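Trainee: Start counting the sequence shown at 1; every next residue gets the next number (the UniProt record's numbering). Idealized CB from N, CA, C, for every residue including glycine. Bear in mind the structure is a predicted one, so any value in this text is a computation, not a measurement.
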Amino acid sequence: MDGDQDEGARIACVRSFALLDTPDEAAFDAVAADAALFFGAAHAVVSLIDRDRQWYKARHGVTEREVPRGLSLCTHAIRTTEVTIVPDARADDRFATNPFVTGAPFVRFYAAAPLRAREGLRVGTLCVFDPAPRAAVSHAEVARLQALADRTVALMEGHRRRLEPSSPTLRRTG
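#1: Closest by CA to Phe-17, which one among Ala-117, Arg-79, Glu-25, Gly-61?
#2: Helix, strand or coil for Ala-104 per DSSP?
#3: Inspect the beta-carbon positions of Pro-87 and Pro-133 and report whether they are closer than 8 Å.
#4: Under 7 Å Cβ to Cβ from Arg-94, same chain only, skipping five residues before and after it: list those, please.
#5: For Val-31 and Leu-19, what's the separation of their Cα atoms in angstroms?
#6: With distances taken Cα to Cα, identify the nearest neighbour of Pro-131 among Ala-104, Leu-37, Ala-154.
#7: Taking DSSP's pairing of strands, which residues face Phe-129 in a bridge?
#8: Indicate the three-state DSSP secondary structure (helix, strand or coil) for Arg-151 in the structure shown.
#9: With 16 other CB atoms within 10 Å as the buried threshold, where does Gly-70 fall?
#10: May I have the straight-line CA-CA distance separating Arg-79 from Val-123, to the nearest angstrom?
#11: Only counting the same chain, and skipping five residues up and downstream in sequence, which positions put a Cβ closer than 8 Å to that of Phe-28?
Pasting the structure below:
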């Protein structure tokens, strides 16, 4: 576990992607859909953890665009470099009293892979969750979730590169 990220640097990194409050994009939506399908989960989101909120860049089975950070299960997941697996959130002291566990969407199973920027900072998660608990998650499932998270980071980094002043897409041609 590695919870010693500099929070100011992490927030600056989140914002450097310029993805907060942007419209849906098919490439990100496909990652969320793939994750939900692979896990047979009702819900999946690609999220960025900002200062006071968790904002969803992509979502499957979720209508909200954001939740308060204080209620976010993913806030715990960005404290580690590893995939977080919670077979039954009601049986986990970190989450048992969370309103998203005790009320809609009644999260029981939760799995999240941190989204690690090129700076090494964990800026968000790819997570899946379901109202049914799971007995176990295989190594292959953990690896697949991490691979999908890596794909998400590649999309994010590509977006950030296109915003950089030296990017060919921003150069004026004359």
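Mentor: If we stick to the structure as given:
#1: Ala-117
#2: coil
#3: yes
#4: His-76
#5: 16 Å
#6: Ala-104
#7: His-43, Tyr-110
#8: helix
#9: exposed
#10: 10 Å
#11: Val-46, Lys-57, Ala-58, Thr-152, Leu-155
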